[in-house]
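Counting from 27, one number per residue, gives the positions in the sequence shown under my numbering. Ideal placement from N, C-alpha and C gives every residue a C-beta, glycine not left out. Structure first, then comments.
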Amino acid sequence: MSKTSATSLPSLSVRIDLDAEDRIGPGKILLLEQIRECGSISAAGRAMDMSYKRAWDLVDEINRICRQAAVERQTGGKNGGGAVLTPFGLSLVARYRKIERDAATAVRKDLEALRSDIGKPRKAAGR
């Protein structure tokens, strides 16, 4: 076991199931953050090693399941269009990250105990 894995906590991933089929999780939130940083859906997709079509499909899915736009396209301009997060999109990212932080804080002791338990050597059978 490497030194890093022996001392770092296991991580917690949060996925919010809005209903039986629709969910928001770390991948969609990261895509929104990349759109905010890059200013375009295609550049955000490239930054995540994701195809242009996949990035667009995820943006469409986010907008559909939230019943309002999290991302808006911008047209025209010298370098073509781009995309920006709407106020709702910015709020969605902030709220998700807060939920993620709060959940990690709530289970920190359990993650520490898990790390400790995993790090203990097993006893051989019959000893």
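**Message:** For I12, count the other beta carbons within 10 Å of its own beta carbon; 16 or more makes it buried, fewer makes it exposed. Which is it?
**Reply:** Past the boundaries of the shown model lies residue 12; the chain is included only from 27 to 153, so the question cannot be answered.
**Message:** By the three-class DSSP mapping on this structure, what secondary structure does Q60 have?
**Reply:** The residue you call residue 60 lines up with position 34 of the sequence shown. Note: Q60 maps to helix in three-state DSSP.
**Request:** Between the Cα of R121 and those of R134, G145, I144, A96, spot the shortest distance and give me the residue it belongs to.
**Result:** By one-based count along the sequence shown, residue 121 stands at place 95. Answer by Cα proximity: A96.
**Reference I42, options I144, C64, E138, V119, closest by Cα** = Start at 1 with the first residue of the sequence shown, and residue 42 comes out as number 16. The shortest Cα separation from I42 among I144, C64, E138, V119 belongs to V119.
**Request:** Determine the DSSP secondary structure at A73, reduced to helix, strand or coil.
**Result:** Within the sequence shown, residue 73 is the residue found at index 47, counting from 1. Correct three-state label for A73: helix.
**Asked** Whose C-beta lies closer than 7 Å to the C-beta of E126 among residues of the same chain, with five residues either side of it excluded?
**Response** On the sequence shown, residue 126 is found 100 positions in, with the first residue counted as 1. Cβ within range, chain order: V40.
**Request:** Count the other CB atoms, across all protein chains shown, that sit within 10 Å of the CB of K135; report buried if there are 16 or more and exposed otherwise.
**Result:** Here residue 135 corresponds to residue number 109 of the sequence shown, with the count starting at 1. K135 should be labelled exposed.
**Request:** Could you pull the start and end residues of the alpha helix (DSSP H) that E98 belongs to?
**Result:** The residue labelled residue 98 in the question sits at position 72 within the sequence shown. E98 -> not in any alpha helix (DSSP H); beta strand (DSSP E) instead, spanning 97-100.
**Message:** Taking 7 Å as the cut-off, is the beta-carbon of C64 closer than that to any non-hydrogen atom of the ligand GTP?
**Reply:** As far as ligands go, the structure on display features none, and thus does not contain the ligand GTP.
**Prompt:** Hey, out of N89, L116, M76, P147, whose CA is closest to D48's CA?
**Reply:** In the sequence shown, residue 48 corresponds to position 22, counting from 1. Cα-wise, what sits closest to D48 is N89.
**Request:** Measure from the alpha carbon of G115 to the alpha carbon of each residue in S34, A46, I50, then state which is nearest.
**Result:** Here residue 115 corresponds to residue number 89 of the sequence shown, with the count starting at 1. With distances taken between Cα atoms, G115 lies closest to I50.
**Asked** Which of the three DSSP states, helix, strand or coil, is assigned to G226?
**Response** Summary: the structure shown does not reach residue 226, with the chain confined to residues 27 through 153, and so no result is reported for it.
**Prompt:** A129: buried (16+ other C-beta within 10 angstroms of its C-beta) or exposed?
**Reply:** By one-based count along the sequence shown, residue 129 stands at place 103. Answer is exposed; the Cβ neighbour count stays below 16.
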